[in-house]
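Data block below; observations after.
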Amino acid sequence: MDELDLCLLSAPYMGVNVRLDRTRFGPAGFPMGCPKEKAFEYLQKLGLGAMEYQAVRRVPTKLDPLKEIGKEAKERGIILTLHAPYAINLASKEREKVFKSIERLYLSAKAAEAMGATHVTFHPGYYSEREPEEALKLAIKALDDLVRRLKDENLRIELGPETTGKPSQLGSLDEVLRMAEEVDFVSPTIDFAHIHAREGGSIRGREDYARILDKVEGRLGSLNGLVVHFTEVELTASGKGEKMHHELGSGYGPDFKPLAIEMVERGVKWLVISESPLLEEDSLKMKRIYMGIRKRRTK
Ligand SMILES: [Zn+2]
Numbered sequence: 002m003d004e005l006d007l008c009l010l011s012a013p014y015m016g017v018n019v020r021l022d023r024t025r026f027g028p029a030g031f032p033m034g035c036p037k038e039k040a041f042e043y044l045q046k047l048g049l050g051a052m053e054y055q056a057v058r059r060v061p062t063k064l065d066p067l068k069e070i071g072k073e074a075k076e077r078g079i080i081l082t083l084h085a086p087y088a089i090n091l092a093s094k095e096r097e098k099v100f101k102s103i104e105r106l107y108l109s110a111k112a113a114e115a116m117g118a119t120h121v122t123f124h125p126g127y128y129s130e131r132e133p134e135e136a137l138k139l140a141i142k143a144l145d146d147l148v149r150r151l152k153d154e155n156l157r158i159e160l161g162p163e164t165t166g167k168p169s170q171l172g173s174l175d176e177v178l179r180m181a182e183e184v185d186f187v188s189p190t191i192d193f194a195h196i197h198a199r200e201g202g203s204i205r206g207r208e209d210y211a212r213i214l215d216k217v218e219g220r221l222g223s224l225n226g227l228v229v230h231f232t233e234v235e236l237t238a239s240g241k242g243e244k245m246h247h248e249l250g251s252g253y254g255p256d257f258k259p260l261a262i263e264m265v266e267r268g269v270k271w272l273v274i275s276e277s278p279l280l281e282e283d284s285l286k287m288k289r290i291y292m293g294i295r296k297r298r299t300k
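Residue numbers (our numbering): 2 to 300.
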């Protein structure tokens with residue numbers, strides 16, 4: 002299969018499942034080591050194959066510059082995803098805020114389509130003093146409305162509710178899996194640092210990753226095509242929730258290596274986005290760890 006020959010196929014519960022040719026690594030945002038205009042050439046030189054475009058403050062609405070970015074990325078063999086604005090709350094107590102959140106997600110899907118990005122990552126919102134189940138149902142309803150609109154307009158973009166890092170945020174692993182099970186076009190963004198942080202430092206070794214992956218596979222039917230975020234993370238003083246991201250090897254954890262072993266053993270194809278402060282440097286570090294394990298295994 003051609004490196005960029007991505008094929009979109011519709012599968013139950015995986016929405017617009019992106020079939021990847023291989024596991025690809027890349028930074029969350031333009032790389033630090035070069036000017037923006039040279040980003041994709043630079044990522045290609047480094048041997049990285051993905052980038053998450055950050056639309057976290059606002060979504061660009063001029064589509065021509067986005068198309069240009071998409072064209073350059075494609076020429077360099079870089080697959081793009083897009084991170085939607087942080088200001089999204091699908092479970093707000095104020096209806097107006099929910100409408101605005103849906104609108105921001107819609108604009109994110111339009112922007113993603115313009116740049117040929119396959120997946121829109123977003124934080125679903127906050128419990129907003131509601132019972133978790135009630136907040137989840139509201140978010141599912143909002144996503145359902147949005148997906149209906151995307152289908153009407155033939156916008157086949159995968160929506161990726163992210164596992165979130167604070168206990169006040171909607172977005173436990175179970176919750177994002179429910180969203181994916183109940184709404185077409187939805188496939189979660191699995192942020193391991195966030196799972197680790199919101200569960201009070203729950204990822205200590207390979208069996209903890211295995212528990213998460215078994216659950217995702219059991220619920221969605223497959224692990225392939227997942228968009229994954231990775232960084233090491235410092236917890237808040239209370240021990241529940243994320244304080245800040247740290248580079249790989251900082252000692253804060255979680256450790257990437259046992260995850261890489263699971264990835265190799267299970268033969269998954271993922272987009273792995275580095276959210277470390279060292280962006281592309283840590284993408285490369287993860288790729289080296291992963292490739293090293295693969296090599297040893299095939300010997
Ligand atoms: Zn995020």
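Ideal Cβ positions, reconstructed from N, Cα and C, are used throughout, including at glycine.
Requested in this report: Spatial neighbours of A56 within its chain, please: CB distance less than 7 Å, with the 5 preceding and 5 following residues excluded, ordered by chain position.
Outcome: Translated into the one-based positions of the sequence shown, residue 56 becomes position 55. So the qualifying residues of the chain are L83, H84, A85, P86, S109 and A112.
**Report entry** Check: E97 C-beta below 6 Å from any heavy atom of ligand 1
**Finding:** Taking the sequence shown and counting its residues from 1, the one referred to as residue 97 is at position 96. E97 Cβ: outside cutoff for every heavy atom of ligand 1.
Report task. Go through the residues and name those whose CB comes closer than 6 Å to any heavy atom of ligand 1, in chain order. Result -> My final list is H84, T122, H124 and E163.
Report task. Tell me where the alpha helix (DSSP H) around A85 begins and ends. Result -> The residue labelled residue 85 in the question sits at position 84 within the sequence shown. Unbroken run through A85: none, as it is neither H nor E.
Query raised in the report: Do E159 and H120 have their C-beta atoms within less than 7 Å of each other?
Result: As a position in the sequence shown, residue 159 is number 158, starting the count at 1. As a position in the sequence shown, residue 120 is number 119, starting the count at 1. The answer is yes: Cβ separation under 7 Å.
Query raised in the report: Is it buried or exposed for E76, if we count other Cβ within 10 angstroms and need 16 for buried?
Result: Position 75 of the sequence shown, counted from the start, is the residue given in the question as residue 76. The residue is exposed, with fewer than 16 neighbouring Cβ atoms inside 10 Å.
Requested in this report: List the endpoints of the continuous beta strand (DSSP E) containing R25.
Outcome: Working through the sequence shown from its first residue, we reach residue 25 at position 24. Unbroken beta strand (DSSP E) run through R25: R25 to P28.
**Report entry** CB contact flag (E233, Y253, <7 Å)
**Finding:** Working through the sequence shown from its first residue, we reach residue 233 at position 232. Working through the sequence shown from its first residue, we reach residue 253 at position 252. Yes; because the gap between Cβ atoms is below 7 Å, this pair is in contact.
**Report entry** Residues near K241 by beta carbon distance below 6 Å, same chain, minus five either side
**Finding:** What you label residue 241 is simply residue 240 of the sequence shown in a count that begins at 1. Within the same chain, and ignoring the five residues on either side of K241 in sequence, the residues whose Cβ sits closer than 6 Å to its Cβ are P168 and G201.
Requested in this report: Can you give me the Cβ contacts of V229 inside the same chain, cut-off strictly under 6 Å, excluding the 5 residues immediately before and after it?
Outcome: For the purposes of this step, residue 229 is taken as residue 228 along the sequence shown, with counting starting at 1. Cβ within range, chain order: I191, W271 and V273.
Query raised in the report: According to DSSP, is L10 helix, strand or coil?
Result: In the sequence shown, residue 10 corresponds to position 9, counting from 1. Interpretation of L10 is limited by its pLDDT of 36, a score under 50 that renders its predicted location unreliable; no figure is taken from the coordinates.
Requested in this report: With a 10 Å radius around its C-beta and 16 neighbouring C-beta atoms as the bar for buried, classify M245 as buried or exposed.
Outcome: Taking the first residue of the sequence shown as 1, we reach residue 245 at position 244. Here M245 is exposed: its Cβ has fewer than 16 other Cβ atoms, across all protein chains shown, within 10 Å.
Query raised in the report: Near R179, which residues of its chain fall below 8 Å by C-beta distance, leaving aside the five closest residues on each side in sequence?
Result: By one-based count along the sequence shown, residue 179 stands at place 178. These residues qualify, in order along the chain: L137 and I141.
Query - Residues sharing a beta bridge with T190, DSSP - result: Working through the sequence shown from its first residue, we reach residue 190 at position 189. The partner list for T190 (beta bridge, DSSP) reads E163 and V228.
Requested in this report: Please go through the same chain and pick out, in chain order, the residues whose beta-carbon is closer than 6 Å to the beta-carbon of L279, but skip the five residues on each side of it.
Outcome: In the sequence shown, the residue the question calls residue 279 occupies position 278. Closer than 6 Å at Cβ, skipping near neighbours: E248.
Query raised in the report: With distances taken between CB atoms, is the gap from D145 to V184 smaller than 7 Å?
Result: Here residue 145 refers to the residue found at position 144 of the sequence shown. Here residue 184 refers to the residue found at position 183 of the sequence shown. Against a cut-off of 7 Å, the Cβ pair of V184 and D145 comes out as a contact.
**Report entry** Validate contact between the segment 60-68 and the segment 20-33 using beta carbons, cut 8 Å, 3 pairs
**Finding:** Between the segment 60-68 and the segment 20-33, the count of C-beta pairs closer than 8 Å stays below three; the two stretches do not touch.
Query raised in the report: Do you know how far the Cα of E42 is from the Cα of F100?
Result: Numbered from 1 along the sequence shown, position 99 holds the residue referred to as residue 100. Numbered from 1 along the sequence shown, position 41 holds the residue referred to as residue 42. If I take the Cα positions, the gap works out to 39 Å.
Query raised in the report: Can H124 and T165 be called in contact, C-beta distance under 7 Å?
Result: As a position in the sequence shown, residue 124 is number 123, starting the count at 1. As a position in the sequence shown, residue 165 is number 164, starting the count at 1. Their beta carbons are under 7 Å apart, which means H124 touches T165 by this criterion.
Query raised in the report: By the 10 Å Cβ neighbour count, where 16 or more other Cβ atoms means buried, how is G250 classified, buried or exposed?
Result: The residue given as residue 250 occupies position 249 in the sequence shown. Exposed is the call here.
Report task. Output the residue ranges of the beta strand (DSSP E) runs that lie fully inside the segment 133-183 and measure 3 residues or longer, sorted by chain position. Result -> Qualifying beta strand (DSSP E) stretches, in chain order: 159-162.
Query - Reference E130; option with closest CA among I103, P162, A92 and A143 - result: By 1-based counting over the sequence shown, the position of residue 130 is 129. The option with the nearest alpha carbon to E130 is A92.
Query raised in the report: Start and end of the alpha helix (DSSP H) containing Y253?
Result: Counting from 1 along the sequence shown, the entry for residue 253 is found at position 252. Run containing Y253: none; DSSP gives neither H nor E here.
Report task. Kindly indicate which three-state DSSP category I80 falls into: helix, strand or coil? Result -> As a working mapping, residue 80 is identified with position 79 in the sequence shown. Here I80 sits in strand by DSSP.
Report task. With I274 as the anchor, note down where its alpha helix (DSSP H) starts and where it stops. Result -> The count along the sequence shown starts at 1 and reaches residue 274 at position 273. It is not in any alpha helix (DSSP H) - I274 instead sits in the beta strand (DSSP E) that spans L272 to S275.
**Report entry** Cutoff 7 Å; reference G50; Cβ partners in own chain excluding five residues on either side
**Finding:** For this step, residue 50 is matched to residue 49 along the sequence shown. Correct list, in chain order: R25, F26, G27, G78, I79 and I80.
Requested in this report: Report buried or exposed for T122, applying the criterion of at least 16 other Cβ atoms within 10 angstroms of its Cβ.
Outcome: Here residue 122 refers to the residue found at position 121 of the sequence shown. Looking at its Cβ environment, which holds 16 or more other Cβ atoms inside 10 Å, T122 is buried.
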